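Everything below concerns the one structure shown next.
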Amino acid sequence: MGETIKDGFLAAVHSTVFKESENLEGAYVKIEGYDFNQGVNYSQLLRSMVSTGFQASNFGDAIDVVNQMVDVVVTTTGGIEEDLIKCLAPTYKGDFALPGAYLRSKGLNRIGNLLVPNDNYCKFEDWIIPILDQMLKEQIEENVLWTPSRLISRLGKEINNKSSYLYWAYKNNIPVYCPGLTDGSLGDMLYFHSFRSPGLIIDIVQDIRAMNGEAVHASPRKTGMIILGGGLPKHHICHANMMRNGADYAVFINTAQEFDGSDSGAHPDEAVSWGKIRDSAKTVKVHCDATIAFPLLVAETFASKEKQFLQD
1 MGETIKDGFL AAVHSTVFKE SENLEGAYVK IEGYDFNQGV NYSQLLRSMV
51 STGFQASNFG DAIDVVNQMV DVVVTTTGGI EEDLIKCLAP TYKGDFALPG
101 AYLRSKGLNR IGNLLVPNDN YCKFEDWIIP ILDQMLKEQI EENVLWTPSR
151 LISRLGKEIN NKSSYLYWAY KNNIPVYCPG LTDGSLGDML YFHSFRSPGL
201 IIDIVQDIRA MNGEAVHASP RKTGMIILGG GLPKHHICHA NMMRNGADYA
251 VFINTAQEFD GSDSGAHPDE AVSWGKIRDS AKTVKVHCDA TIAFPLLVAE
301 TFASKEKQFL QD
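UniProt numbering puts the sequence shown at residues 1 to 312.
Pasting the structure below:
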């Protein structure tokens with residue numbers, strides 16, 4: 001009797017631990033990873049990430065999503081000014097642990113582990129103030145209506161440097177929107193210029209009409225979002241897509257977490273609840289520093305299709 005109870009108990013425990021599995025063959029991707037015995041082929045390595053697991057698989061999913069989509073760029077002011085400043089003077093690799101007081105005494109600004117000499121911003125001022133003067137002149141004499149995106153396009157034209165993405169956006173007529181234009185060194189330049197030569201007007205209302213219009217008038221085409229990091233640009237892009245009942249594709253690449261309720265940390269599904277992403281959309285969030293993930297993503301999407309883009 002005792003043995004029978006014992007056997008029954010063990011059988012129950014065994015069945016609990018070794019519960020019969022559903023057959024996943026054909027329904028899910030097998031986790032295999034890359035076989036380095038075949039040598040190193042970087043394109044195949046990137047494509048194999050989808051079957052590696054964890055964030056590598058999310059990165060692989062991101063490649064699939066991006067390959068199905070850039071007509072518009074949205075960025076912070078830092079994404080504008082640092083692109084221009086790097087064409088005027090170099091930024092240097094420092095260290096995350098360099099003490100702020102020491103750097104301040106040396107006139108060095110730290111951005112993470114990057115060092116930007118104060119002199120860079122002086123060169124930026126020398127370069128941009130004459131451009132703002134000319135813009136004010138055109139506003140007065142030619143009735144030009146300046147918007148943030150039109151200002152940014154002008155700066156891309158004036159920098160005339162192939163290492164600048166703003167230059168290429170200008171050359172290819174891709175609008176670059178910046179909802180927080182005054183938040184940064186560019187804002188400082190506008191501030192100082194307003195005292196030296198007051199009167200320059202930059203109309204942000206026209207840009208929100210244009211930005212939302214990109215989404216509203218996209219149909220019957222689909223819209224997709226590739227969002228690096230978080231903050232204002234992330235929400236600006238998502239919010240514009242709410243005007244069309246949501247984007248069809250979304251790739252988020254950031255390290256922010258959702259437990260604090262921040263928009264930066266919000267997963268794509270939260271945007272679905274707002275109508276910023278469609279419930280039928282293909283989405284993925286890659287939990288990774290964008291400086292690591294995005295170059296690899298570009299390598300296996302846009303860069304690998306360079307000839308196709310040139311033909312189109």
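Think of the CB as a built atom: it goes at the ideal place given N, C-alpha and C, for glycine as much as any other residue.
Here the structure is a predicted model, which means the values were calculated and not measured.
Next on the checklist: In this structure, how does DSSP classify S197 when only helix, strand and coil are distinguished?
Outcome noted: coil
Checklist entry - Can you tell which of A266, S197 and N212 has the C-alpha that lies nearest to the C-alpha of K137? => result S197
Checklist entry - Which word fits Y191, buried or exposed, when buried means at least 16 other C-beta atoms lie within 10 angstroms of its C-beta? => result exposed
Item to check | Contacts around F294, its chain only, beta-carbon distance under 7 Å, and the 5 residues preceding and following it disregarded | outcome: Setting aside the 5 residues that flank it on each side, F294 is surrounded in the same chain by L228 and I253, each with a C-beta closer than 7 Å to its C-beta; the list follows chain order.
Next on the checklist: Below 8 Å, how does it come out for the region 170 to 185 and the region 92 to 111: are there three or more Cβ pairs, yes or no?
Outcome noted: no
Checklist entry - If we ignore side chains and look at the alpha-carbon of each, how far apart do V72 and S264 end up? => result 20 Å
Checklist entry - Could you check where the alpha helix (DSSP H) with T77 kicks off and where it finishes? => result T77 to L88
Next on the checklist: Contact between the region 240 to 258 and the region 276 to 287 is defined here as three or more beta-carbon pairs at a separation below 8 Å; is this criterion met?
Outcome noted: yes
Item to check | Unbroken beta strand (DSSP E) run spanning I202, endpoints | outcome: Premise fails: I202 is in no beta strand (DSSP E) and is neither H nor E.
Next on the checklist: Would I152 and L84 be called neighbours here (beta carbons separated by less than 7 Å)?
Outcome noted: no
Checklist entry - So what does F252 bridge to, in DSSP terms? => result I227 and K285
Checklist entry - If you compare alpha carbons, which of T291, S43, Q139 and L186 is closest to E125? => result L186
Next on the checklist: Looking at the secondary structure, which residues open and close the alpha helix (DSSP H) in which P268 lies?
Outcome noted: It spans P268 to W274 - the alpha helix (DSSP H) in which P268 sits, taken as one unbroken run.
Item to check | Three-state secondary structure (DSSP) of E115 | outcome: Residue 115 is actually Leu in this sequence, not Glu. Strand.
Checklist entry - Pick from N41, I201, K93 and Y121: whose alpha carbon is nearest that of D133? => result Closest option to D133, Cα to Cα, is I201.
Checklist entry - For the putative contact between D207 and S149, defined by C-beta atoms under 8 Å, what is the C-beta separation to the nearest angstrom? => result 5 Å
Checklist entry - For F36, is the classification buried or exposed, using 16 other Cβ atoms within 10 angstroms of its Cβ as the cut-off for buried? => result Of the other Cβ atoms in all chains shown, fewer than 16 fall within 10 Å of the Cβ of F36; this residue is therefore exposed.
Next on the checklist: Does the contact criterion of 3 or more C-beta pairs under 8 Å hold for the region 39 to 47 versus the region 282 to 302?
Outcome noted: yes
Checklist entry - Contact check, V74 vs I204 under 8 Å by CB: the rounded distance? => result Their Cβ separation, rounded to whole angstroms, is 13 Å, which puts V74 and I204 out of contact at 8 Å.
Checklist entry - According to DSSP, which residues form a beta bridge with A247? => result Answer is I277, bridged to A247.
Item to check | Residue interval of the alpha helix (DSSP H) (run including E158) | outcome: P148 to I159
Item to check | Range of the contiguous alpha helix (DSSP H) that encloses Q44 | outcome: Y42 to S48
Checklist entry - Would V286 pass as a contact of A62 if the rule is Cβ separation under 7 Å? => result yes
Item to check | Same chain only: Cβ atoms within 7 Å of H235, ignoring 5 sequence neighbours per side | outcome: D263
Checklist entry - Taking Cβ to Cβ, would you say P233 is nearer than 7 Å to T77? => result no
Checklist entry - Roughly how far, in whole angstroms, is the beta-carbon of L166 from the beta-carbon of L155, given that I think they are within contact range, below 8 Å? => result 6 Å
Checklist entry - Could you give the distance in angstroms between the alpha-carbon of A218 and the alpha-carbon of H239? => result 15 Å
Next on the checklist: Our contact map puts A89 next to N118 with C-beta atoms below 8 Å; I'd like the distance itself, whole angstroms only.
Outcome noted: Rounded, the Cβ-Cβ distance is 10 Å, inconsistent with contact.
Item to check | Between the CA atoms of E22 and residue 337 - distance to the nearest angstrom | outcome: Only positions 1 to 312 of the chain appear in the structure, and residue 337 is not among them; the question remains open.
Checklist entry - Which residues in the same chain as A56 place their Cβ atom closer than 7 Å to its Cβ, once the five residues preceding and following it in sequence are excluded? => result M49
Checklist entry - Alpha carbon to alpha carbon, how far is N172 from P220? => result 23 Å
Checklist entry - What span of residues does the alpha helix (DSSP H) with A294 cover, start to end? => result The question names Ala, but residue 294 is Phe in the sequence shown. A290 to A299 is the extent of the alpha helix (DSSP H) around F294.
Checklist entry - Which residue comes first and which comes last in the alpha helix (DSSP H) that contains S105? => result Taken as a continuous stretch (DSSP letters only), the alpha helix (DSSP H) holding S105 covers G100 to S105.
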